[in-house]
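Q: Sharing a structure with you now.
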Amino acid sequence: MNHPTSRVHGGSRAIARRIDAIPASGIRRFFDIAATMPNVISLGIGEPDFTTPEHIRAAGQRSIQDGETHYTSNFGLLELREAIAAKLAKRYQVRYDPHTEILITTGVSEGLNIACQALLDPGDEVLLPEPHYVAYPPNIILAGGEVRAIPTCSADGFRPRINVLEAAVSDRTKLLMIGYPANPTGAVLSRGELEELAAFVQRHDLYVISDEIYDRLTYDGDHVSFASLPGMQARTVLLGGFSKSYAMTGWRLGWLAAPREVLEAIMKVHQYVMMSAPTASQCAGLEALRAGEEDVHLMVAEYERRRRVMVDGFNAAGLACQDPLGAFYCFPDITSTGLDDETFCERLLYEEQVAVIPGSAFGRSGSGHVRACYATAIEQIEEAMVRIRRFTERIRGGA
606 MNHPTSRVHG GSRAIARRID AIPASGIRRF FDIAATMPNV ISLGIGEPDF TTPEHIRAAG
666 QRSIQDGETH YTSNFGLLEL REAIAAKLAK RYQVRYDPHT EILITTGVSE GLNIACQALL
726 DPGDEVLLPE PHYVAYPPNI ILAGGEVRAI PTCSADGFRP RINVLEAAVS DRTKLLMIGY
786 PANPTGAVLS RGELEELAAF VQRHDLYVIS DEIYDRLTYD GDHVSFASLP GMQARTVLLG
846 GFSKSYAMTG WRLGWLAAPR EVLEAIMKVH QYVMMSAPTA SQCAGLEALR AGEEDVHLMV
906 AEYERRRRVM VDGFNAAGLA CQDPLGAFYC FPDITSTGLD DETFCERLLY EEQVAVIPGS
966 AFGRSGSGHV RACYATAIEQ IEEAMVRIRR FTERIRGGA
């Protein structure tokens, strides 16, 4: 007879099956290797190299000095929710009630997780264009959902096509998950393309999780929020945050906007797993929205300068690279080297001490590409491009 606790101590039998279904991050492995090597130029991590602007840091510090060290409302500071609502109304002409339709989260990562937990039942299918951010499939799986990958390609600018979506939808499809501007490709959807997606969503009675963390980082036109399209606010959970636009990654601050009844369901998850986002971070976020617009413009201008150097560098090295229209990533095609993306990244790291990420870490459609982040100093980017060109020339020369 088995001891009642034998499953707990039974090795792999103790691990939930859904956890076994989640692969280890393809990004983390290269970070771990790079951390052991001297003189590595990392183009891998998707984090601004800028320090959080001083006035934003000061607002967080003041909140601590003033004794604001307690829980806020589960929803978050009302003043911050009101500022987010005002921003969405002004920039995207979409209006949310800050009392009942906006929730402050511990980064967009928490917002993604609790939205999936609240919306998905076991067996529900989620349409997910790929390449995609690495955290999307695990959060779907953890909530009991099933991923239906929607392949895209560089010839289409990594934009999802409606005929491919139509072929994938089934009677178990509940959600479309999108993230534009896109990590890892830098793709941005035009208003017309988003309207086609909206018509598809309406046609099949779907809901949408739209991750718009990079909404302020666009280079050739303004971002269009999916929730602003006719009829889509009622079907959309909108995710946003402070990490990318205001260089606030370590503050772990995001927000989620959704129709009242949907937000109430998401709140049930949030209040038990998180209680509330850090108070000092919320105070800093309020300052960012009130007085951080100039900071955003300065950082975007610098990203634009770096983008040009990196795109030109990859193309000069014979690695076809489209202009990313948003975010801060290039996604060059490396198939001309004859190497697969995993081998390319491993050899580049060991031979030239440059860290980039295999495109296949972001889904099958990313195979044959690598992701390189230009949120690092331009001098580092310039040196990395020299090393990458030297590497590709050596590869093509048969070395």
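Per the numbering used here, residue 606 is the first one in the sequence shown, and the count goes up by one each step.
Heads up, the beta-carbon is just placed ideally off N, CA and C, and yes, glycines get one too.
1) Thinking just about the alpha-carbon of each residue, which of Asp625, Pro628, Arg623, Gly651 is nearest to the one in alanine 960?
2) Which value, in whole angstroms, describes the spacing of the CA atoms of arginine 692 and arginine 618?
3) If you run the structure through DSSP and keep just helix, strand and coil, what is serine 795?
4) Closest by CA to arginine 623, which one among Glu735, Glu998, Val752?
5) Count the C-beta pairs between the stretch 836-844 and the stretch 804-818 that are closer than 8 Å, then say yes if the count reaches three, no if not.
6) CA-CA distance, valine 991 and glutamate 998?
7) Counting only the same chain and skipping the five closest in sequence on each side, list residues whose C-beta sits under 7 Å from that of phenylalanine 996.
8) Taking the alpha carbon of leucine 717 as the point to measure from, which residue in Ala626, Trp860, Val774, Gly681 has its own alpha carbon closest?
9) Around the C-beta of alanine 621, are 16 or more other C-beta atoms found within 10 angstroms, so that it is buried, or is it exposed?
10) Name, in chain order, the residues that DSSP records as bridge partners for valine 699.
11) Tell me the rounded alpha-carbon separation between isoleucine 1000 and alanine 922.
12) Output the distance between the C-alpha atoms of glutamate 909 and aspartate 810, rounded to the nearest integer angstrom.
13) Per DSSP, what kind of secondary structure is serine 833 in: helix, strand or coil?
14) Let me check one thing: in DSSP terms, what residues is glycine 859 bridge-paired to?
15) Of all the options Glu706, Pro734, Lys695, Thr710, which has the alpha carbon lying nearest to the alpha carbon of threonine 677?
16) Just the Cα atoms here: how many angstroms apart are cysteine 978 and glutamine 985?
17) Can you find the residues in the same chain that come closer than 6 Å, C-beta to C-beta, to methionine 853, ignoring five residues on each side of it along the sequence?
A: In short, the structure shows the following:
1) When only C-alpha atoms are compared, the closest one is Gly651.
2) In the sequence on display, residue 692 carries lysine and not arginine. Looking at the two C-alpha atoms, the distance is approximately 49 Å.
3) coil
4) Val752
5) yes
6) 11 Å
7) Leu953, Glu956, Glu957
8) Trp860
9) Of the residues assessed, alanine 621 falls on the exposed side of the cut-off, its CB having fewer than 16 other CB atoms within 10 angstroms.
10) None; valine 699 has no bridge partner.
11) The alpha-carbon atoms of isoleucine 1000 and alanine 922 are separated by roughly 11 Å.
12) 38 Å
13) helix
14) Paired residues: Thr710, Gly846.
15) Cα-wise, what sits closest to threonine 677 is Thr710.
16) 11 Å
17) Thr657, Phe847
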